[in-house]
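Just so we're aligned, residue 803 is where the sequence shown starts under our numbering, counting upward by one.
Report on the following structure.
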Amino acid sequence: MLEVMLYFVMYFFAGFSLKLGDDLLDELDKPQAAWVPLSFAGILFGLLMTVSEWDLVLLTSIVIGVLVSGKVNRPQFIVGFVIILGILLIVGIPIVPNWLDWWALLFILFMAAVLDEKGNDWADRERSPLVFKLFKYRFVLKIVVLGLVIPWPMFLSAAIGLWVFDIGYETTRMLLKRISREGLVSETATDV
């Protein structure tokens, strides 16, 4: 039971630290402070990717989706990728018994991740509030992972992990909004 809790805590803090690092760069203009949370996110991503083929495929799809969508635009992000690669080289990737299924799953998850990233940029709050919220909170990937549990039941823990990851991500967003309202950071953080 403790291992399961640790697993989901790692997903939570992977999302939390990734969002914190991203906001330190883009919203709060504190690039030097971003190195620590982005390094921590890299450690958690790398460790989670070694747990199972399902975590590996989920997190690989997120990494590739973010890279392809152009969101990695600062050198501070590179530290996370280097750490992920280092952990995978040292610990090793999990055994993948069926590479064809793994690649199919990666493609589906990648497409959902890219759609979330691009949809977030395209959605207009005024013209379609529901679509705006769908993309703002990245629900395409979250809905897709739940659907993928049907053909791949062993994907369930990674699918739940993504939801926990997003809770961590959104917790950072809410904390920064609260801190901003209390005047502890610049007003630009309210649009996080």
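Glycine residues also receive a C-beta, built at the ideal position from the N, C-alpha and C atoms.
Keep in mind the model is a prediction, meaning the values are calculated, not measured.
So, helix, strand or coil for residue i, using DSSP?
i	result
N875	coil
V947	helix
D828	helix
G882	helix
N900	coil
G963	helix
I895	coil
S930	coil
A816	helix
I866	helix
M803	coil
P953	coil
T974	helix
E984	coil
Y939	coil
A925	coil
V916	helix
A991	Confidence in A991 is poor, its pLDDT being 47 and thus under 50, which makes the residue's placement too unreliable to answer from.
Work out the CA separation of residue j and residue i for me, nearest whole Å.
i	j	result
V859	L907	7 Å
L887	V893	10 Å
V811	V865	20 Å
K821	F879	12 Å
S841	I885	7 Å
D926	S871	18 Å
Y809	L827	27 Å
D918	L964	14 Å
F909	V947	12 Å
M803	Y813	16 Å
W904	E984	46 Å
R980	W856	35 Å
G882	F967	16 Å
N922	F941	10 Å
I962	M956	11 Å
S819	K935	23 Å
S982	V874	25 Å
Looking at residue j and residue i, is the spacing between their C-beta atoms short of 9 Å?
i	j	result
V951	L943	no
F815	L861	no
G867	V916	yes
Y971	G844	no
F937	W924	yes
T974	D825	yes
L911	M851	no
V838	G823	yes
L830	L978	yes
Kindly give me the distance between the Cβ atoms of residue i and residue j, rounded to whole angstroms, as I take these residues to be in contact under 8 Å.
i	j	result
S854	P896	5 Å
P931	R876	Going by Cβ atoms, the distance from P931 to R876 rounds to 31 Å, so no, they are not a contact pair.
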